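Peer 1:
In this note's numbering, the protein residues as written are 2 to 393.
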């Protein structure tokens, strides 16, 4: 008889993650984390360790216009575990402006997506509300300013501009326009423009590059199984592993590119995605000889018809017992019972031998929390040997 029972965790467990905040320029902010089993911490800003920031709280004073990502790694005797990424935004007294008007640009008309209400040609949306969405980073874009009732595909020369409070005049902003409307089936839908990267300045009256694709863009793409959601990983020292992210790339505005980030900072050069319209992009990041510092949050930025940041992958690094260590066995009736301490969320194969030469698989254990217990009947006819093997 073979059974297995899950026991206590070995890696630190973050129970309360830091939260994104918005403060006035020159103001103060406090980021905090709560983690069980943590012996220490290391805060990072834009992927780099902050010197001396090794407590569960991080005090930020006199916040200025440097935008970026914060996160913290919880450290224990067994490994490093990253928190989620957070962003400290500055609420400026006077924010930079981005355009709202699409005068003179026929491509900046919101059209019914292909196939909606049996419409298979570019047909401007006949009603709707247009809303600017903008921010200092792609994943910090929020609705700004008031929405505007529009018709005829949002084509209007007199909509005006919108102020982005979290972006100072002269700084870079990412922005798009969303048009929410009711289609002929009575269903509410939102058509998003492409995302533009602009420098905020004095009012601009045209958006020469704004474009509304006539299909539903990611992440609302209707293809089954899309998007691919990467899973969080626990890895051991010296291991080679890969992180995968998938997306749909359209080529009518040029060849899409993608770029990997770690903790909000670019770590690879942009790569071209070669494929036809509506084809899947497949981004793979391979890390060789994993070290403790590889613990972090990974994602991929896609630049194409629409810019977006894909799902995030949290990578924790186990420092000890990665291949699995048996504890002292004990008896339970006619069975012996043994604990295997290893890397949580990883799978192990328990192998058995009577001569240390030929081995057979006894069972596969799913080690959810870091320690897993297995049992087997006693061998009264001779010796029996066991070993553990970490699966890829």
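All C-beta atoms, glycine included, are put in the ideal place defined by N, C-alpha and C. Keep in mind it's a predicted model, so treat the numbers as computed, not measured.
1. Would DSSP call residue 226 helix, strand or coil?
2. Using the C-alpha atoms, what's the distance from residue 284 back to residue 223?
3. Where does residue 13 land, buried or exposed, given buried means 16+ other C-beta within 10 angstroms?
4. Output yes or no for whether 8 angstroms exceeds the beta carbon distance between residue 1 and residue 27.
5. Hey, which unbroken runs of the beta strand (DSSP E) at 3 residues or more fall wholly within the segment 78–113?
6. Using the Cα positions of residue 56 and residue 119, report the straight-line distance between them to the nearest angstrom.
7. What span of residues does the beta strand (DSSP E) with residue 144 cover, start to end?
8. Could you give the distance in angstroms between the alpha-carbon of residue 147 and the alpha-carbon of residue 343?
9. In terms of DSSP beta bridges, what is residue 400 paired with?
10. Tell me the DSSP secondary structure of residue 211 in three-state form.
11. If you draw a straight line from the alpha carbon of residue 182 to that of residue 311, how long is it in whole angstroms?
12. How long is the line joining the alpha carbons of residue 257 and residue 89, rounded to whole angstroms?
13. Could you tell me how far apart the beta carbons of residue 355 and residue 244 are, in whole angstroms, since I believe they sit closer than 8 angstroms?
14. State buried or exposed for residue 198, treating a residue as buried only when at least 16 other CB atoms are found within 10 Å of its CB.
15. Between residue 167 and residue 24, what straight-line distance do the alpha-carbon atoms span, to the nearest angstrom?
16. Mind checking residue 58: buried by the 16 CB within 10 Å criterion, or exposed?
17. Are the CB atoms of residue 91 and residue 64 nearer to each other than 8 angstroms?
18. So residue 126 packs on residue 192, CB below 8 angstroms; how close in whole Å?
19. Going by C-alpha to C-alpha distance, which of 77, 78, 61 sits closest to residue 70?
20. Does the structure place the segment 262–272 close enough to the segment 230–241 that three or more beta carbon pairs sit under 8 angstroms?
21. How big is the Cα-Cα spacing for residue 295 and residue 326?
Peer 2: Judging by the given coordinates:
1. Position 225 of the chain shown, counting from 1, holds the residue named residue 226. Interpretation of residue 226 is limited by its pLDDT of 48, a score under 50 that renders its predicted location unreliable; the figure taken from the coordinates is listed afterwards. If DSSP states are grouped into helix, strand and coil, residue 226 belongs with coil.
2. The residue given as residue 223 occupies position 222 in the chain shown. The residue given as residue 284 occupies position 283 in the chain shown. Confidence in residue 223 is poor, its pLDDT being 40 and thus under 50, which makes the residue's placement unreliable; the coordinate value appears in the next sentence. Rounded to whole angstroms, residue 223 to residue 284 spans 20 angstroms at the Cα level.
3. The residue you call residue 13 lines up with position 12 of the chain shown. Result: buried.
4. Nothing about residue 1 can be read from this structure; the chain reaches only from 2 to 393.
5. 80–83, 87–92, 97–99
6. Position 55 of the chain shown, counted from the first residue, corresponds to residue 56. Position 118 of the chain shown, counted from the first residue, corresponds to residue 119. Cα to Cα, the separation comes out at about 59 angstroms.
7. Taking the chain shown and counting its residues from 1, the one referred to as residue 144 is at position 143. 143–151 is the span of the beta strand (DSSP E), which, as asked, contains residue 144.
8. By 1-based counting over the chain shown, the position of residue 147 is 146. By 1-based counting over the chain shown, the position of residue 343 is 342. Roughly 54 angstroms separates the two Cα atoms.
9. Outside the displayed range of the chain (2 to 393) lies residue 400, so it cannot be described from this structure.
10. Within the chain shown, numbered from 1, the residue matching residue 211 stands at position 210. Coil at residue 211, not helix or strand.
11. Residue 182 sits at position 181 when you count from the first residue of the chain shown. Residue 311 sits at position 310 when you count from the first residue of the chain shown. So the two alpha carbons sit approximately 26 angstroms from each other.
12. Sequence index remark: in the chain shown, residue 257 carries index 256 (1-based). Sequence index remark: in the chain shown, residue 89 carries index 88 (1-based). Each residue's Cα considered, the two are about 29 angstroms apart.
13. In the chain shown, counting from the first residue as 1, residue 355 sits at position 354. In the chain shown, counting from the first residue as 1, residue 244 sits at position 243. That belief does not hold up - the Cβ atoms of residue 355 and residue 244 are roughly 41 angstroms apart, past 8 angstroms.
14. Along the chain shown, one-based indexing puts residue 198 at 197. Exposed, because fewer than 16 other Cβ atoms sit within 10 Å of the Cβ of residue 198.
15. Residue numbering aside, residue 167 sits at position 166 when the chain shown is read from its first letter. Residue numbering aside, residue 24 sits at position 23 when the chain shown is read from its first letter. Those two C-alpha atoms are separated by around 9 angstroms.
16. As a first step, residue 58 must be located in the chain shown, where it is residue number 57. When all chains shown are included, residue 58 counts as exposed.
17. Mapped onto the chain shown, residue 91 falls at position 90. Mapped onto the chain shown, residue 64 falls at position 63. Yes. Within cutoff.
18. Reading the chain shown from its first residue, position 125 is the one you call residue 126. Reading the chain shown from its first residue, position 191 is the one you call residue 192. Cβ-Cβ separation between residue 126 and residue 192: approximately 7 angstroms, consistent with a contact (criterion under 8 angstroms).
19. Numbered from its first residue, the chain shown carries residue 70 at position 69. Closest option to residue 70, Cα to Cα, is 61.
20. no
21. For this step, residue 295 is matched to residue 294 along the chain shown. For this step, residue 326 is matched to residue 325 along the chain shown. Rounded to whole angstroms, residue 295 to residue 326 spans 23 angstroms at the Cα level.
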